[in-house]
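So for the sequence shown, this note's numbering puts the first residue at 611; every next one is plus one. Glycine is no exception: its CB is placed at the ideal position from the N, C-alpha and C atoms. Written below as structure tokens is the structure these notes are about.
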Amino acid sequence: MSVDLLVKKIKEMGNPSVAGLDPKIEYVPEFIRKKSYEKYGKNLKGAAEAIWEFNRTLIDALYDIVPAVKPQSAFYELYGLRGEEVMHRTIAYAKEKGLYVILDVKRNDIGSTAEAYSKAYLGKTEVDGVECEACGVDCVTVNPYLGTDGMLPFVNDCKTYDKAIFALVKTSNPSSGELQDLLVSDKRIYEKVAECVNNWNKDTIGNSGYGAVGAVVGATYPEQAEILRKLMPHSYFLVPGYGAQGGGALGVKPCFNSDGLGAIVNSSRGIMCAYKNGDWKEEQFAEAARAEAIRMKEDLISVI
611 MSVDLLVKKI KEMGNPSVAG LDPKIEYVPE FIRKKSYEKY GKNLKGAAEA
661 IWEFNRTLID ALYDIVPAVK PQSAFYELYG LRGEEVMHRT IAYAKEKGLY
711 VILDVKRNDI GSTAEAYSKA YLGKTEVDGV ECEACGVDCV TVNPYLGTDG
761 MLPFVNDCKT YDKAIFALVK TSNPSSGELQ DLLVSDKRIY EKVAECVNNW
811 NKDTIGNSGY GAVGAVVGAT YPEQAEILRK LMPHSYFLVP GYGAQGGGAL
861 GVKPCFNSDG LGAIVNSSRG IMCAYKNGDW KEEQFAEAAR AEAIRMKEDL
911 ISVI
């Protein structure tokens, strides 16, 4: 199972963290931007190629420290077709380096549209009888709020193609409680979603004890995370909100099970833009990212 591969990589590296690759052009050091603009122009192509060099160098600096990377598709779609091509190039390069790749797309719909989204990211596209893989990731994020008929295409493709998903359950943003914390009878909506995750996950449990249907649970809500950890014992948690969004190691501790597993914690800007803090020169951006990834690893290990 795909989740077993993730657990294996986390154990091998002793590191339950994932590096988010969410690059705005302003995150890219000026010397890289300048070189790219001189070659391609100050346009979408120039921006995308600068991002590619930034990503590739970061992956080279991180692949033996972190078990996984998480590109966020919006930051590539922002640069049009050029950006989306760089996203796929980034995915392929990360896989080549042995990293587990979680693509943050938060897609979903119903019926044939849900099936199309799932085939695009997890399954295969049929071209006149020939099956082609459109996106070679291990895992994607999905929106579960359309219910079971929107989720089953993703769950079925996880089983068929050995993939995994993380369903949004309790997100890290400040206004998440406007809907997710509402009471329905005697339970919060996020608790109801957790029950659905358990149901979708039950036939996908791998050798690690975890299933293909995981949950997005924000580091900024540790009390809710503690509740959700008990409600979803066999689901891996993808935990945003560490670092730049204000979450710390103690905040993510409730996301883990007693075995020290069960969660992988994301940091995007904290790692990508580490060179902007302290006395780093911009040419040392990869060295700074590596140092921050190691610091984050040690911080997480100290509490779990």
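Helix, strand or coil for residue i per DSSP?
i	result
residue 880	helix
residue 815	coil
residue 846	coil
Which whole-angstrom value is the C-beta distance of residue i and residue j, which I expect to be below 8 Å?
i	j	result
residue 811	residue 628	Their Cβ separation, rounded to whole angstroms, is 20 Å, which puts residue 811 and residue 628 out of contact at 8 Å.
residue 749	residue 612	6 Å
residue 760	residue 718	5 Å
residue 633	residue 665	6 Å
residue 681	residue 701	7 Å
residue 780	residue 800	4 Å
residue 851	residue 828	4 Å
residue 864	residue 803	Contact doesn't hold; Cβ gap of about 17 Å is too wide.
residue 892	residue 685	That pair is no contact at about 20 Å.
residue 696	residue 661	6 Å
residue 567	residue 911	This structure does not reach residue 567, given that the chain is present from 611 up to 914, and the question cannot be answered.
Ends of the alpha helix (DSSP H) at residue i?
i	result
residue 861	859–862
residue 903	895–913
residue 841	832–841
Considering just the uninterrupted stretch of the beta strand (DSSP E) at residue i, what are its terminal residues?
i	result
residue 821	First-last for residue 821: undefined, no H or E at that position.
residue 866	Note, residue 866: premise wrong, no beta strand (DSSP E); not H, not E.
Please confirm if residue i has its CB atom under 8 Å from at least one CB of chain D.
i	result
residue 817	Among the chains of the structure shown, chain D does not appear; only one protein chain is present.
Task: beta strand (DSSP E) runs wholly inside the segment 624–700, at least 3 long, in chain order - done: Segments of the beta strand (DSSP E) lying fully in the segment 624–700: 627–631 and 678–681.
TODO: Could you pull out every unbroken alpha helix (DSSP H) segment of at least 4 residues lying fully inside the segment 772–809, listed in chain order?
DONE: Within the segment 772–809, the alpha helix (DSSP H) runs of at least 4 residues that lie entirely inside it are, in chain order, 787–790.
Open item on the list: Please give the ranges of any beta strand (DSSP E) in the segment 700–755, keeping only runs that are unbroken, at least 3 residues long and fully inside the region.
Closed with: The segment 700–755 is shown to contain whole beta strand (DSSP E) runs of 3 or more residues at 710–717, 735–737, 740–742 and 749–752, in chain order.
Task: the segment 643–662 in contact with the segment 880–895 per 3-pair CB rule at 8 Å - done: No: fewer than three Cβ pairs fall under 8 Å.
TODO: May I ask you to verify whether the segment 827–846 touches the segment 858–877, counting CB pairs closer than 8 Å and requiring at least 3?
DONE: Yes: at least three Cβ pairs fall under 8 Å.
TODO: Check whether the segment 720–734 touches the segment 785–800, counting contact only when three or more Cβ pairs, one atom from each stretch, lie closer than 8 Å.
DONE: The segment 720–734, when compared against the segment 785–800, does not touch it at the 8 Å Cβ threshold.
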